[in-house]
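K.L.:
Quick one: the structure is below, and I'll ask about it shortly.
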């Protein structure tokens, strides 16, 4: 007998206002679901109204709770996101009027989940999302607040991948429910209500969902209770092992006409396809192959529908009685198609599977064309819930008494779907295949805190219920009795606990207490397989980027990727090919296993290599779907083990960013990261030289549109996207407190555009940068994650860091790595100073304040490796490094990364000799590290007018910026000034120094902080050139010539004179009448000065031939003249002990 809706209290009847009576299934469930608080399980066919049973359970909870229902907490769990979305829209209207707040949690939202859950009454989620969320919660108090737990499509338990997660989540809630019952202070009990398709062992699920009063109430209804009787047909078609899913799906298009003719009974048919493109292809093929018998009136109605459509292709198909429907169709056209199909005027409608979860368009015949679909670019089989939703559209209660559902699948899977649709397949547990991972998760969540609780947890699982009835399925002998089976399950649990302990994921003490470790928490947070974590533990710490790519390729998460025979040729071409671009790290030999295939596809994607094979493209999507999670877990795993793994950690953090950006860290295709920029547009920008964000930002918007062939305001949108990116600077300063064992440094990270980022707070999202500092012993000195929100107030972050001296060197490496974007990273090196007694110091033996060492780098600057100047307790000047605009350096090529080292100038006494000797030591060490071909020089010191040094004027365009690569620390001892890297003449310029602005080389060809001498000698031009006239006709340096004495031979106007060969200038000849006064001429020559060059006024130039000024010759000259102090800069008499140790490294 059917029950009336009037049995529901009046204020809740609006929920059921669409019908006056409950149907047969709902009426039989009413007593247990509405008038008791028992757990309840119902098994009924698709389309029998099981959703109403959930609504009745919610009404029961509201009837038992006092208004305004602030403490009401309901969780609805469905296996697929579309079901959650459908119920969310439905219940938001029905229960919103009652004051209940619904919240859908199926996406990747993490920041406000806990807060939103606290303020929501009905939470709709998937097992995977709920599992991942609850794993991240530090406290499980929200779980104890849940009063009603609704489980839709509970038969998904048998799914090998998703079933274990569903079982673990429900068992977790059950365990907490048991502990709440035992704790008298907690009065909240969770009620479980589960619904399922027709299954034979629904009583096992009822037994599993039992409470302290006994098994859950159970209702089992067969197919006879379905409003419209459904005929189910499974058709298998041959598919070879080398045939891809795409080709198989394409072949089914040509079988569609025969199937519709056989099963439609000339009534509306609905065909589900996996992709939008597949929908349109199938419709085109059917329109050509089939001819529908239609009356004149029918054709007129179709013509009317076609005339109102905007899509011309769709208009032509409708005239043939065929149409397609998907999210890409215009909204007005979709409404027209829905109306035509609902009224029965449209014979066949092709649509995507998402329609099964949205618009209700019942049909007499439902065809599922292929049982595979694409999820985030990867090919996967439909879940059983997806299949049930699609065949649930078969049957129109207002028109039909019967309906037909046809599933077109491979011959290999025909039996599988036949058993499923018949309801004869017994539901088994799949938890045993993932027991390690879920057991660890419960320990992390404190659901399990000792061995006894672990055994209790095993007893609360569906695995325990089914193992008692079918032990053979789980690897136990079938002749065992219940006591023996329970003992085997306990042994299985203890064995897994021991494995977790041996791997370091948990700790167990003598009192059988269990605690999780940081390693175990990472495994749970990122849902990483146990075998993958074991792989991470094998990291030595010296792994390069290619080593980590190879390691991740072996992860358990990619075990379902198969290497097909027809893919090997394409993969081998990507790996090695002389005639085209290949992957970054080629592998030895041919591609012969899954690991090599995964590695090849990862590198192809990161390198923007085109992969034409459709199957490989789908595999790539699946790989990156899991690879983002696995690589991020690896980076965090290594960050908790800082000893001897700096190289591995830096590369792991870089690789995690590469997975997220789908680009290598040094890729020129950075434009792909911007909105509306795909592979083709990014390639066009690379061809135009736009390989950095800085270059894109500096390009005019109209020029950008010409490059990518787009109309305005597309160029403005590109520039706005670049301007919205954060920009960073990194500054390091060594503090003036030194010891032999360590040093203190201050690190400052600045966001240069934090004002703009603060104004556009939404764009900051969850982006962060990772600051990693390591030493020469491969130890991680410092690691910090800095979110962009940390820069909102002042734009800077600073920290004092203590560094322990490394055994293998004094250099430290610094990396600032973006978590999301390629092109923002900074990689630099810095040399720390440790205390020691300097030679020639007048305050020797006294504690002297040490000047700080500073270093600075920016995210838009590519800084090459500079010569690290030796730092003394009384520095005599400053060494500056010029930078070049461009991409960040490659972290994997550590030798390319460098630092800018600047020494703060301090007030110095009259003594210059000790400083000069220290400079010789620094120069000698630099020459030993990077040998430079010495240039022969012959000097005539008699001509005072032949001394000059100068820089290229600012207006000259430099085509080669390599002049900043090699420093030449040069001093002028006649007046005690430091000439710096770019030589200038001390008689022409003098340093204008303030305490706030130390001398810093040149900027765009101009000297900064310098003023002309008031006593400038005649014959020197105001802005000299980088040429030296040494009076004997020979010139020093690589591209130095004097325009007043030599003229170009065979050079066209505007071209520079070529450099020298072995110190002799080529393409030059003496002028007939050498110009006496120096003239200003510009050149685009390379200013790469030898480190041997000394200013003409230095003491060494006055000693003789500079070509013989080796460190030993310099020492001999100094020794000869030490008593007379005959050269400027010497101070008093120099004793031999003043040399103490300063020359130890010279010879």
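Numbering (this note's numbering), first residue to last: 457 to 1603.
Using N, Cα and C, we set each Cβ at its ideal position, and we do this for glycine too.
Predicted model, so just to flag it, every value in this text is computed and none were measured.
Under 8 Å, do residue 1120 and residue 1036 count as touching if we go by C-beta distance?
P.N.:
The count along the chain shown starts at 1 and reaches residue 1120 at position 664. The count along the chain shown starts at 1 and reaches residue 1036 at position 580. Going by beta carbons, residue 1120 and residue 1036 fall outside the 8 Å limit.
K.L.:
Look up residue 755 in the DSSP assignment and say whether it is helix, strand or coil.
P.N.:
Along the chain shown, read from residue 1 onward, the residue named residue 755 stands at position 299. Note: residue 755 maps to helix in three-state DSSP.
K.L.:
If you draw a straight line from the C-alpha of residue 1076 to the C-alpha of residue 1069, how long is it?
P.N.:
As a working note, residue 1076 is residue 620 in the chain shown. As a working note, residue 1069 is residue 613 in the chain shown. Roughly 11 Å separates the two Cα atoms.
K.L.:
Is the CB-CB distance between residue 1056 and residue 1135 below 8 Å?
P.N.:
Along the chain shown, one-based indexing puts residue 1056 at 600. Along the chain shown, one-based indexing puts residue 1135 at 679. Not closer than 8 Å, so no.
K.L.:
Specify whether the stretch 534-548 and the stretch 882-890 touch according to this definition: at least 3 beta carbon pairs, one from each stretch, less than 8 Å apart.
P.N.:
Because the criterion of three Cβ pairs below 8 Å is not met, the stretch 534-548 and the stretch 882-890 do not touch.
K.L.:
Report the residue ranges of all beta strand (DSSP E) runs contained in full by the stretch 792-829; include only those spanning at least 3 residues, in chain order.
P.N.:
Those beta strand (DSSP E) runs which fall completely within the stretch 792-829 and span 3+ residues are 804-808 and 821-825.
K.L.:
Whose C-alpha, out of 1032, 1024, 1103 and 663, is nearest the C-alpha of residue 1072?
P.N.:
As a first step, residue 1072 is located in the chain shown; it is residue number 616 there, counting from the start. It is 1024 whose Cα lies nearest to the Cα of residue 1072.
K.L.:
My assumption, with CB atoms under 8 Å, is that residue 610 sits in contact with residue 578. Please give the rounded CB distance.
P.N.:
Position 154 of the chain shown holds residue 610. Position 122 of the chain shown holds residue 578. Not quite, the Cβ-Cβ distance comes to about 19 Å (not below 8 Å), so this is no contact.
K.L.:
Excluding the five sequence neighbours on either side, which residues of its own chain have a C-beta within less than 6 Å of the C-beta of residue 780, listed in chain order?
P.N.:
Taking the first residue of the chain shown as position 1, residue 780 is located at position 324. The residues are 735, 736, 739 and 806.
K.L.:
Keeping to the same chain, check which residues put their C-beta closer than 6 Å to that of residue 602; ignore five residues upstream and five downstream.
P.N.:
Against the chain shown, residue 602 aligns to sequence position 146. The answer, listed in chain order, is 529, 531 and 646.
K.L.:
On the DSSP bridge list, what partners appear for residue 541?
P.N.:
Position 85 of the chain shown holds residue 541. Residue 541 is not bridged to any residue.
K.L.:
Nearest CA to the CA of residue 764: which residue from 789, 775 and 1169?
P.N.:
By 1-based counting over the chain shown, the position of residue 764 is 308. Of 789, 775 and 1169, the residue nearest in Cα terms is 789.
K.L.:
Using the three-state DSSP reduction, which class does residue 494 fall into: helix, strand or coil?
P.N.:
The residue given as residue 494 occupies position 38 in the chain shown. It is coil, neither helix nor strand.
K.L.:
With H, G and I counted as helix, E and B as strand and the rest as coil, what does DSSP make of residue 1253?
P.N.:
Taking the chain shown and counting its residues from 1, one reaches residue 1253 at position 797. Of the three classes helix, strand and coil, the one that applies to residue 1253 here is strand, per DSSP.
K.L.:
Give me, in chain order, the residues of the same chain whose beta-carbon lies closer than 7 Å to that of residue 995; leave out the 5 immediate sequence neighbours on both sides.
P.N.:
The residue labelled residue 995 in the question sits at position 539 within the chain shown. Closer than 7 Å at Cβ, skipping near neighbours: 1094, 1101 and 1104.
K.L.:
Along the chain, where does the beta strand (DSSP E) that runs through residue 861 open and close?
P.N.:
In the chain shown, counting from the first residue as 1, residue 861 sits at position 405. That run of the beta strand (DSSP E) goes 858-866.
K.L.:
Is residue 475 helix, strand or coil when you go by DSSP?
P.N.:
For the purposes of this step, residue 475 is taken as the residue at position 19 of the chain shown. Residue state for residue 475 is assigned as coil, using DSSP reduced to three classes.
K.L.:
Could you give the distance in angstroms between the alpha-carbon of residue 797 and the alpha-carbon of residue 723?
P.N.:
Position 341 of the chain shown, counted from the first residue, corresponds to residue 797. Position 267 of the chain shown, counted from the first residue, corresponds to residue 723. Roughly 10 Å between the two C-alpha positions.
K.L.:
Over the uninterrupted beta strand (DSSP E) stretch that includes residue 1241, give me the two end residues.
P.N.:
If you number the chain shown from 1, residue 1241 lands on position 785. Where residue 1241 is concerned, the enclosing beta strand (DSSP E) stretches over 1236-1243.
K.L.:
Less than 8 Å between C-beta atoms, sequence neighbours within five positions excluded: which residues of the same chain meet that for residue 1142?
P.N.:
Residue mapping note: residue 1142 aligns to position 686 of the chain shown, counting from 1. Once the five neighbours on either side are set aside, the close Cβ partners of residue 1142 are 1124, 1125 and 1127.
K.L.:
Quick one: any contact between the stretch 937-949 and the stretch 657-674, if contact means 3 or more CB pairs under 8 Å?
P.N.:
no
K.L.:
Would you list the residues sitting across from residue 906 in a DSSP beta bridge?
P.N.:
On the chain shown, position 450 is the one that residue 906 refers to. 969.
K.L.:
Is it right to say residue 749 is buried, meaning 16 or more other beta carbons lie within 10 angstroms of its own, or is it exposed?
P.N.:
As a working note, residue 749 is residue 293 in the chain shown. That one is exposed.
K.L.:
My output table needs one value for residue 668: the three-state DSSP class, helix, strand or coil.
P.N.:
Along the chain shown, read from residue 1 onward, the residue named residue 668 stands at position 212. It is coil, neither helix nor strand.
K.L.:
Quick one: what's got a C-beta closer than 6 Å to residue 1022's C-beta in the same chain, skipping five residues either side?
P.N.:
Within the chain shown, residue 1022 is the residue found at index 566, counting from 1. Counting only Cβ-Cβ distances below 6 Å, and skipping sequence neighbours, we find 698.
K.L.:
Compute the Euclidean distance between the alpha carbons of residue 1488 and residue 1266, then round it to the nearest angstrom.
P.N.:
As a first step, residue 1488 is located in the chain shown; it is residue number 1032 there, counting from the start. As a first step, residue 1266 is located in the chain shown; it is residue number 810 there, counting from the start. Here the model assigns residue 1488 a pLDDT of 36, short of 50, so the residue's position is not dependable, and the following value carries that caveat. About 45 Å.
K.L.:
What first and last residue would you give for the beta strand (DSSP E) that runs through residue 1226?
P.N.:
Stepping through the chain shown from its first residue, residue 1226 is reached at position 770. Per DSSP, residue 1226 belongs to the beta strand (DSSP E) from 1224-1231.
K.L.:
So the candidates are 907, 687, 928 and 576; which of them puts its Cα closest to the Cα of residue 951?
P.N.:
Within the chain shown, the letter at position 495 stands for residue 951. Per the Cα distances, 907.
K.L.:
Could you check how far apart the C-beta atoms of residue 496 and residue 649 are, in whole angstroms? I think they sit under 8 Å.
P.N.:
For the purposes of this step, residue 496 is taken as the residue at position 40 of the chain shown. For the purposes of this step, residue 649 is taken as the residue at position 193 of the chain shown. With a Cβ gap of about 5 Å, residue 496 and residue 649 count as contacting.
K.L.:
Going by CA-CA distance only, name the one from 741, 704 and 702 that's closest to residue 714.
P.N.:
Looking up residue 714 in the chain shown gives position 258. Comparing Cα-Cα distances from residue 714 to each of 741, 704 and 702, the minimum goes to 741.
K.L.:
To which residues does DSSP link residue 836 through a beta bridge?
P.N.:
Reading the chain shown from its first residue, position 380 is the one you call residue 836. 829, per the DSSP bridge assignment.
K.L.:
Can you check whether the CB of residue 905 is closer than 8 Å to the CB of residue 970?
P.N.:
Against the chain shown, residue 970 aligns to sequence position 514. Against the chain shown, residue 905 aligns to sequence position 449. Cβ atoms of residue 970 and residue 905: closer than 8 Å.
K.L.:
Less than 6 Å between C-beta atoms, sequence neighbours within five positions excluded: which residues of the same chain meet that for residue 446?
P.N.:
This structure cannot settle anything about residue 446, because the visible part of the chain is limited to 457 through 1603.
K.L.:
Along the chain, where does the alpha helix (DSSP H) containing residue 579 start, and where does it finish?
P.N.:
The residue you call residue 579 lines up with position 123 of the chain shown. Note, residue 579: premise wrong, no alpha helix (DSSP H); beta strand (DSSP E) at 578-581.
K.L.:
Between the stretch 457-464 and the stretch 473-492, can you find at least three pairs of beta-carbon atoms closer than 8 Å?
P.N.:
yes
K.L.:
Should residue 705 go down as buried or exposed, given a rule of 16 or more other Cβ atoms within 10 Å for buried?
P.N.:
For the purposes of this step, residue 705 is identified with residue 249 of the chain shown, where counting begins at 1. Classification of residue 705: buried, given that the 10 Å Cβ count is 16 or more.
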